[in-house]
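So the mapping is simple: our numbering equals the position in the sequence shown, first residue as 1, plus 17.
Where a beta carbon is used, it is the ideal one built from N, C-alpha and C, also for glycine.
Note that the structure is a prediction, hence the values are computed from the model and not measured.
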Amino acid sequence: MLRPFTLHRPATADEACALLARLEDAAPYAGGTELLLLMKLGWLRPRHLVDVKRIRELGDLTGGPRLAIGATVTHRALERSALVRAHCPLVASVARHVANVRVRNVGTVGGNLAFADPHSDLATLFLTLDATVALVSPRGRRELPLADFVRGPWETARASDELLALVRLTPWPAGTAAAYVKFGVHERPTLGIAVALQLDGAGPGGARSSGGSVRVADARVAIGCVSPRPARAPAAEACLVGVTIAELEDVAGAAAESATATVDPADDLYGSADYKREMVAVFVRRALRIAAARARGAESAARFPHAVVA
Ligand SMILES: Cc1cc2nc3c(=O)[nH]c(=O)nc-3n(C[C@H](O)[C@H](O)[C@H](O)COP(=O)(O)OP(=O)(O)OC[C@H]3O[C@@H](n4cnc5c(N)ncnc54)[C@H](O)[C@@H]3O)c2cc1C
Numbered sequence: 018m019l020r021p022f023t024l025h026r027p028a029t030a031d032e033a034c035a036l037l038a039r040l041e042d043a044a045p046y047a048g049g050t051e052l053l054l055l056m057k058l059g060w061l062r063p064r065h066l067v068d069v070k071r072i073r074e075l076g077d078l079t080g081g082p083r084l085a086i087g088a089t090v091t092h093r094a095l096e097r098s099a100l101v102r103a104h105c106p107l108v109a110s111v112a113r114h115v116a117n118v119r120v121r122n123v124g125t126v127g128g129n130l131a132f133a134d135p136h137s138d139l140a141t142l143f144l145t146l147d148a149t150v151a152l153v154s155p156r157g158r159r160e161l162p163l164a165d166f167v168r169g170p171w172e173t174a175r176a177s178d179e180l181l182a183l184v185r186l187t188p189w190p191a192g193t194a195a196a197y198v199k200f201g202v203h204e205r206p207t208l209g210i211a212v213a214l215q216l217d218g219a220g221p222g223g224a225r226s227s228g229g230s231v232r233v234a235d236a237r238v239a240i241g242c243v244s245p246r247p248a249r250a251p252a253a254e255a256c257l258v259g260v261t262i263a264e265l266e267d268v269a270g271a272a273a274e275s276a277t278a279t280v281d282p283a284d285d286l287y288g289s290a291d292y293k294r295e296m297v298a299v300f301v302r303r304a305l306r307i308a309a310a311r312a313r314g315a316e317s318a319a320r321f322p323h324a325v326v327a
């Protein structure tokens with residue numbers, strides 16, 4: 018049962034931050050998909066909820082060199098936004114596969130990142146898009162890389178009077194071949210792998226239109242859900258840079274092994290640490306195969322049980 022609390026409904030971010038600074042035992046409240054669940058279980062007992070959903074400035078989605086996603090933008094809005102599909106199409110596809118439609122309709126991007134559940138698809142994918150988050154408080158505004166914001170399971174760099182205002186993403190250059198593969202048998206994913214291959218000299222039709230000479234100029238591999246927080250795998254990325262699309266299959270095994278060496282899994286209800294390491298190796302290879310097929314202008318026909326390909 019929910020313990021009594023006071024609901025505050027500020028109209029601006031400044032007002033919200035002032036409330037968070039002044040009130041003892043207050044928490045920001047957006048879609049409530051995590052917060053209300055924990056409150057019903059009695060694991061969290063804030064005496065004040067500061068509703069951020071009515072704050073206009075937190076709901077904006079704007080383009081430009083970087084895509085800015087306001088904290089209260091819902092998964093559903095992300096999935097349907099023409100701007101997101103134009104700048105970062107994989108973000109819209111991944112949003113379509115978050116949770117279920119009920120959670121997607123009210124759950125927000127800011128709530129997802131601020132909650133810092135290790136099983137976050139967005140936090141994993143956003144690492145490959147050089148994400149930064151903007152935090153506002155009575156002391157002003159600061160912007161920091163998402164990789165520094167998420168410190169560990171359910172732990173962030175946010176101070177208690179700070180609000181997450183927005184996340185900024187740097188879209189990949191045209192011709193980047195990417196894939197996000199998530200696997201799971203529970204409500205939340207057991208594993209999420211994001212791969213982005215920036216191609217040197219690819220034409221608009223991908224590598225196929227440019228002959229076999231297209232090489233990977235830059236590579237991003239991010240792994241989520243299995244470690245205390247999502248992280249890039251630089252050693253795996255290094256295996257991929259400089260190889261041609263045709264050679265990707267040859268180096269995929271080495272990249273997958275390198276990726277496995279970077280994770281720090283624990284035994285839990287999602288599986289044993291050894292199982293998770295093995296799944297990382299398998300799914301990094303699969304994600305690379307899908308990205309390579311997309312680089313050739315094709316879609317991989319492979320289908321994997323309990324896995325979603327975005
Ligand atoms: C059944 C289920 C399945 C799910 N499956 C997936 C999945 O497949 N992939 C995935 O990525 N996620 C998944 N999720 C997580 C889901 O994405 C989040 O629950 C949702 O995005 C949280 O947003 P919210 O607005 O509801 O946050 P809330 O519950 O309102 O808040 C969550 C936390 O963030 C804080 N907070 C909220 N907004 C702000 C802000 N602007 N500034 C600072 N702090 C803030 C709150 O104080 C609270 O601590 C799942 C959740 C559920 C319940």
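Under 8 Å between C-beta atoms of residue i and residue j
i, j, result
"residue 64", "residue 42", "yes"
"residue 105", "residue 84", "yes"
"residue 33", "residue 186", "no"
"residue 92", "residue 199", "no"
"residue 287", "residue 193", "no"
"residue 234", "residue 155", "no"
"residue 211", "residue 149", "no"
"residue 248", "residue 279", "yes"
"residue 7", "residue 173", "In the structure displayed, the chain extends from 18 to 327; residue 7 sits before or after that span and is not available."
"residue 49", "residue 123", "yes"
"residue 324", "residue 298", "no"
"residue 88", "residue 126", "yes"
"residue 195", "residue 153", "no"
"residue 261", "residue 301", "no"
"residue 245", "residue 128", "no"
"residue 20", "residue 62", "yes"
"residue 305", "residue 269", "yes"
"residue 69", "residue 75", "yes"
"residue 29", "residue 72", "yes"
"residue 237", "residue 145", "yes"
"residue 309", "residue 265", "yes"
"residue 216", "residue 312", "yes"
"residue 52", "residue 46", "yes"
Proximity test, residue i beta-carbon vs ligand 1 heavy atom, cut-off 7 Å
i, result
"residue 46", "yes"
"residue 77", "no"
"residue 51", "yes"
"residue 120", "yes"
"residue 139", "yes"
"residue 321", "no"
"residue 125", "yes"
"residue 206", "yes"
"residue 92", "yes"
"residue 115", "yes"
"residue 128", "yes"
"residue 156", "no"
"residue 131", "yes"
"residue 88", "yes"
"residue 178", "no"
"residue 313", "no"
"residue 329", "Nothing in the structure corresponds to residue 329, since the chain is present only between 18 and 327."
"residue 101", "no"
"residue 134", "yes"
"residue 69", "yes"
"residue 54", "yes"
"residue 237", "no"
"residue 175", "yes"
"residue 24", "no"
"residue 161", "no"
"residue 95", "no"
"residue 181", "yes"
Short CB-CB distance (under 8 Å) between residue i and chain C
i, result
"residue 218", "Any reference to chain C falls outside this structure, which holds one protein chain only."
Cβ separation of residue i and residue j, assumed to be a contact under 8 Å, to the nearest whole Å
i, j, result
"residue 90", "residue 27", "Rounded, the Cβ-Cβ distance is 18 Å, inconsistent with contact."
"residue 184", "residue 163", "7 Å"
"residue 133", "residue 167", "5 Å"
"residue 256", "residue 209", "Between residue 209 and residue 256 the Cβ distance is about 20 Å, and since that is not below 8 Å, they are no contact."
"residue 253", "residue 290", "With a Cβ gap of about 19 Å, residue 253 and residue 290 do not count as contacting."
"residue 80", "residue 95", "Not quite, the Cβ-Cβ distance comes to about 14 Å (not below 8 Å), so this is no contact."
*Can you check the segment 260-318 for any alpha helix (DSSP H) of at least 4 residues that lies completely inside it and give the ranges in chain order?*
265-279, 290-312
*Fully enclosed by the segment 45-122, which beta strand (DSSP E) runs are 3 residues long or longer?*
Counting only runs of 3+ residues, the beta strand (DSSP E) found wholly inside the segment 45-122 occupies 65-68, 84-87, in chain order.
*What runs of the alpha helix (DSSP H), each 4 residues or longer, lie entirely inside the segment 147-207?*
163-166
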